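Q:
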Amino acid sequence: MTEHPHVPMLALDTVWFQVAGTICNIACTHCFISCSPKNHSHEMLSLADVETRLAESLRLGVKDYYFTGGEPFMNRDMIAILRATLKQGPATVLTNGMLLRREVCRQLRELIDASEYSLDIRVSLDGFDAASHDAIRGEGVWDRVMIGLRNLAEFDINPVVTVTEAADGVGSEEGRAAFLALIRSFGFAKPRLKVLPLFRIGAETTRTRAYEPWEKLTTLGEDDASVLQCSTSRMITSKGVYVCPILLDYDEARMSDSIEESLRPFPLKFGACHTCWVDGVSCRT
Amino acid sequence: MSDVTRIALIGGIYSNYHALVATLDDIARRGADATFFLGDLGAFGPHPDRVPELLIERGIPGIQGNYEESLASGRADCNCGYTDPRDNVYAQISYDYTFEHTNDALKKWMGTLPQSMRLDAGGKRVLLSHGSPRRINEFLWRSTSPDAFLHRLCDEHDADVIVCTHSGLHWHKAIGGGRHAVNAGVIGRPANDGRTNVWYTMLTIDGDVRVEFIPIEYDHATLAREMRAEKLPEEFIETIETGWWTTCLESLPAKERMASRF
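Keeping their order, the protein sequence lines are chains U and P. Just so we're on the same page, this note's numbering is the position in the first sequence counted from 1, plus 1. Just so we're on the same page, this note's numbering is the position in the second sequence counted from 1, plus 50.
This is the structure in structure tokens:
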């Protein structure tokens, strides 16, 4: 049997919430947890669920909070959840941008103005145009995201546009520059861009391929742990506390009921762990 | 040092020796029981030998920043902690220039600096560090440093007052229980507010803790001229002349970025 290196828990800085579970209004072909309108493997979190975890996080001195899904704005409590969170720390929401209606953006603006902490909205794009974006995210999605981005711009909310490497050429300097120009053209004078690699799990295994057996970590140097987000973060879902935002389809990645109990080493035995280490990935902004 | 009550704190200097001279003059005028520098003596500015030479000449104590740690250990980059590719391109230009123009004796001296200092001032345990008490290149911004997290840092590092720099923007939070977190700001470049002055910090401890951020005007036109003569990037010079950051700003959180021109 192969021995896998264990990542230590260095300090719990970031708490993630799978706030919409695996429920999404679209079904991207690269989604590493295959979210869709019908995927209920993780259910939505209620405001009360989140408040309980926020209280736990406060005791543990957590530094920041992230919300993802599925599509977070499908959760009807989302604005109330952000309001509760922003009382105690900074928050980031990862969204596909389709549900950023004017009224939602107006409420987000109010939250931003009322809190001493930062609220970041991260909007996913997967191409330079409707054809490439919709090939991954579904027909008509691009047009709806454009409306969402316009609404954000109207309320002077500057999003971080997140692009996966599924978008051709985004990894190159020219590709980056082209994306920054595109974001500028949407009306954001200070374009912000984050590029993420793909994880070859979930739906992505069908779109491209699954991990090869050799794509596993066999050793972990003394200083390597600090670059892995699992050394500083945990993920809350309807099923409990998971090691990270990526491995939600694996029962072994569920660590405990309480956050405190989850603060222990974890075996890096998954192909996705290899991606995080090789690409130096952090899902944080 | 239990009798120390007024402590002057100088954040990142970034080779801006004109600002350092003006700051030291101001501290002398106001009076302080002690003065400390908090690291990152070099970066965007010209002639990186001048700042450490002046600090040594005046006998001012202080701690390493990531720049001193990198220069002293011969590291190939500044370990600034940026994640954006454009930020890293400019950080590398700045570091390569500084590395090339810092003499070996000064690099060796930088290696002798501690990474933190503890002071007992008026019954308060004050901890000086560069990025944060736990990491030399951690950015502590006001809008992403919640009270509970700052309490954790105080608990884990046995401190009542934690002082840092590195991010470039000054702030102070009284977090309850007599505890304080202070980012002393920097005198190396303006605070990204459209003003050309820079900022240092005066900490007064007299039972209570008072934090005063002091703006320093200096001869920024001469600095800009010298930077041009050294062929440093025009983007760095623009920041000195306008007060707006043009590079190394992608790490700004949403709230701080909102107030930023670029």
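All C-beta atoms, glycine included, are put in the ideal place defined by N, C-alpha and C. These numbers were taken from a predicted model, which means no experiment stands behind them.
With DSSP as the reference, label GLN19/U as helix, strand or coil.
A: The count along the first sequence starts at 1 and reaches residue 19/U at position 18. In the structure shown, GLN19/U sits in a strand (DSSP, three-state: E or B).
Q: Quick one: complete alpha helix (DSSP H) runs, 4+ long, within the region 14 to 80 of chain U?
A: 48 to 61
Q: Which residues in the same chain have their Cβ closer than 7 Å to the Cβ of LEU55/U, if we skip the five residues on either side of it in sequence?
A: Along the first sequence, one-based indexing puts residue 55/U at 54. The answer, listed in chain order, is ALA85, THR86 and GLN89.
Q: With DSSP as the reference, label GLY176/U as helix, strand or coil.
A: Numbered from 1 along the first sequence, position 175 holds the residue referred to as residue 176/U. Here GLY176/U sits in helix by DSSP.
Q: What are the residues that DSSP puts in a beta bridge with ARG123/U?
A: Position 122 of the first sequence, counting from 1, holds the residue named residue 123/U. For ARG123/U, which the question treats as bridged, DSSP gives the partners LEU95/U and VAL161/U.
Q: Secondary structure at ILE113/P, three-state DSSP: helix, strand or coil?
A: Walking along the second sequence from the start, residue 113/P turns up at place 63. Looking at ILE113/P - three-state DSSP - the assignment turns out to be coil, as it is neither helix nor strand.
Q: Mapping DSSP to helix, strand and coil, what is LEU109/U?
A: Counting from one through the first sequence, the residue named residue 109/U turns up at place 108. Of the three classes helix, strand and coil, the one that applies to LEU109/U here is helix, per DSSP.
Q: Here's the rule I'm using: 16 or more other beta-carbon atoms within 10 Å means buried, otherwise exposed. How should ALA279/P be labelled?
A: Counted from its first residue, the second sequence places residue 279/P at position 229. Result: exposed.
Q: Given PHE189/P, which residues of its chain have a CB within under 8 Å of its CB, disregarding the five upstream and five downstream residues?
A: Walking along the second sequence from the start, residue 189/P turns up at place 139. Cβ-Cβ distances below 8 Å link PHE189/P to GLY131, GLY181, HIS216, SER217 and SER301 in the same chain, with the five nearest sequence neighbours on each side left out; the list follows chain order.
Q: Beta carbons nearer than 9 Å to chain P: which residues of the region 109 to 128 of chain U have them?
A: ILE113, SER116, GLU117, TYR118, SER119, LEU120, ASP121 and ILE122
Q: Just the chain U side, please: which residues come within less than 8 Å of PHE318/P by C-beta, in chain order?
A: Residue 318/P lies beyond the range of chain P shown here (51 to 312); nothing can be said about it.
Q: What residues in its chain sit with their C-beta under 8 Å from that of THR272/P, if we drop five residues either side in the sequence?
A: In the second sequence, residue 272/P corresponds to position 222, counting from 1. Cβ neighbours of THR272/P beyond the five flanking positions: HIS68.
Q: Could you list which residues in chain P have their beta carbon closer than 7 Å to that of ASP59/U, in chain order?
A: The residue labelled residue 59/U in the question sits at position 58 within the first sequence. One detail in the question is off: residue 59/U reads as Leu in this sequence, not Asp. Simply ALA198.
Q: Got a sec: is the Cβ-Cβ distance from PRO240/P to anything in chain U below 7 Å?
A: Locating residue 240/P in the second sequence gives position 190, where the first residue counts as 1. Cβ-Cβ to chain U under 7 Å: no for PRO240/P.
Q: Which residues bound the beta strand (DSSP E) around TYR250/P?
A: Counting from one through the second sequence, the residue named residue 250/P turns up at place 200. First-last of the beta strand (DSSP E) with TYR250/P: 248 to 256.
Q: Looking at the unbroken beta strand (DSSP E) that takes in ASN233/P, where does it start and where does it end?
A: Translated into positions along the second sequence, residue 233/P becomes position 183. Start and end: 229 to 233.
Q: Determine contact between the region 20 to 31 of chain U and the region 199 to 214 of chain U, defined as no fewer than three beta-carbon pairs at a distance below 8 Å.
A: yes
Q: On the DSSP letters alone, give me the boundaries of the beta strand (DSSP E) that PRO87/P sits inside.
A: Position 37 of the second sequence holds residue 87/P. A small correction: the amino acid at residue 87/P is Phe; Pro does not occupy that position in the sequence shown. Counting along the chain, the beta strand (DSSP E) containing PHE87/P begins and ends at 84 to 87.
Q: Going by C-alpha to C-alpha distance, which of ILE24/U, PHE68/U and LYS217/U sits closest to ARG235/U?
A: As a working mapping, residue 235/U is identified with position 234 in the first sequence. Residue PHE68/U is the option with its Cα nearest to ARG235/U.
Q: Could you pull out every residue in the same chain whose Cβ sits closer than 7 Å to the Cβ of THR194/P, ignoring the five residues on either side in sequence?
A: Within the second sequence, residue 194/P is the residue found at index 144, counting from 1. The beta carbon of THR194/P sits closer than 7 Å to those of PRO303, all from its chain and outside the five residues before and after it, given in chain order.
Q: Secondary structure at LYS223/P, three-state DSSP: helix, strand or coil?
A: Looking up residue 223/P in the second sequence gives position 173. Correct three-state label for LYS223/P: strand.
Q: Helix, strand or coil: which one does DSSP assign to PRO96/P?
A: Here residue 96/P refers to the residue found at position 46 of the second sequence. Residue state, collapsed to three classes: coil.
Q: Just to confirm, are LEU59/U and LEU264/U a CB contact at a threshold of 7 Å?
A: Numbered from its first residue, the first sequence carries residue 59/U at position 58. Numbered from its first residue, the first sequence carries residue 264/U at position 263. No, the Cβ-Cβ distance between LEU59/U and LEU264/U is not below 7 Å.
Q: With 7 Å as the threshold, decide whether the Cβ of ARG202/P is near any Cβ in chain U.
A: Taking the second sequence and counting its residues from 1, the one referred to as residue 202/P is at position 152. Yes, ARG202/P lies at the interface with chain U (some Cβ there is under 7 Å from its Cβ).
Q: Grouping DSSP H, G and I as helix and E and B as strand, with all else coil, what is TYR147/P?
A: Translated into positions along the second sequence, residue 147/P becomes position 97. The three-state reading of DSSP puts TYR147/P in helix, counting H, G and I together.
Q: Going along chain P, which residues have a C-beta under 9 Å from VAL63/U?
A: Residue mapping note: residue 63/U aligns to position 62 of the first sequence, counting from 1. Close partners of VAL63/U in chain P (Cβ separation under 9 Å): PRO196, ALA198, PHE199 and ARG202.
Q: If contact is defined by three or more beta carbon pairs under 8 Å, each pair taking one atom from either stretch, is the region 119 to 130 of chain P in contact with the region 282 to 297 of chain P?
A: no
Q: Going by other Cβ atoms of all chains shown within 10 Å of its Cβ, with 16 needed for buried, is MET51/P buried or exposed?
A: Here the question's residue 51/P lines up with position 1 in the second sequence. Its pLDDT being 45, under 50, MET51/P is placed unreliably by the model, and nothing is read from it.
Q: Would a check of beta-carbon distances place ALA304/P closer than 7 Å to chain U?
A: Here residue 304/P corresponds to residue number 254 of the second sequence, with the count starting at 1. Closer than 7 Å: yes.
Q: CA-CA distance, GLN230/U and PHE18/U?
A: Here residue 230/U refers to the residue found at position 229 of the first sequence. Here residue 18/U refers to the residue found at position 17 of the first sequence. Looking at the two C-alpha atoms, the distance is approximately 15 Å.
Q: Can you give me the C-alpha to C-alpha distance between LEU219/P and THR296/P, rounded to a whole angstrom?
A: Locating residue 219/P in the second sequence gives position 169, where the first residue counts as 1. Locating residue 296/P in the second sequence gives position 246, where the first residue counts as 1. Distance between the alpha carbons of LEU219/P and THR296/P: 15 Å.
Q: Give me the residue from PHE271/U, ASP252/U and CYS245/U with the minimum Cα distance to ILE260/U.
A: For the purposes of this step, residue 260/U is identified with residue 259 of the first sequence, where counting begins at 1. Among PHE271/U, ASP252/U and CYS245/U, the Cα nearest to that of ILE260/U is on CYS245/U.
Q: Using beta-carbon positions only, say whether GLY238/P and TYR117/P come within less than 7 Å of one another.
A: The sequence position of residue 238/P within the second sequence is 188, counting from 1. The sequence position of residue 117/P within the second sequence is 67, counting from 1. Taking 7 Å as the Cβ cut-off, GLY238/P and TYR117/P do not qualify as a contacting pair.
Q: What residues are listed by DSSP as bridge partners for GLY241/U?
A: Along the first sequence, one-based indexing puts residue 241/U at 240. In the DSSP output, where bridge partners are listed per residue, GLY241/U has THR238/U.
Q: Report back the beta-carbon spacing between LEU83/U and LEU48/U to the nearest angstrom; my notes put them in contact at under 8 Å.
A: As a position in the first sequence, residue 83/U is number 82, starting the count at 1. As a position in the first sequence, residue 48/U is number 47, starting the count at 1. In fact, because the Cβ distance is near 10 Å, the residues do not count as touching under 8 Å.
Q: Any C-beta of chain P sitting closer than 7 Å to the C-beta of GLY90/U?
A: The residue given as residue 90/U occupies position 89 in the first sequence. Yes, GLY90/U counts as interfacial toward chain P.
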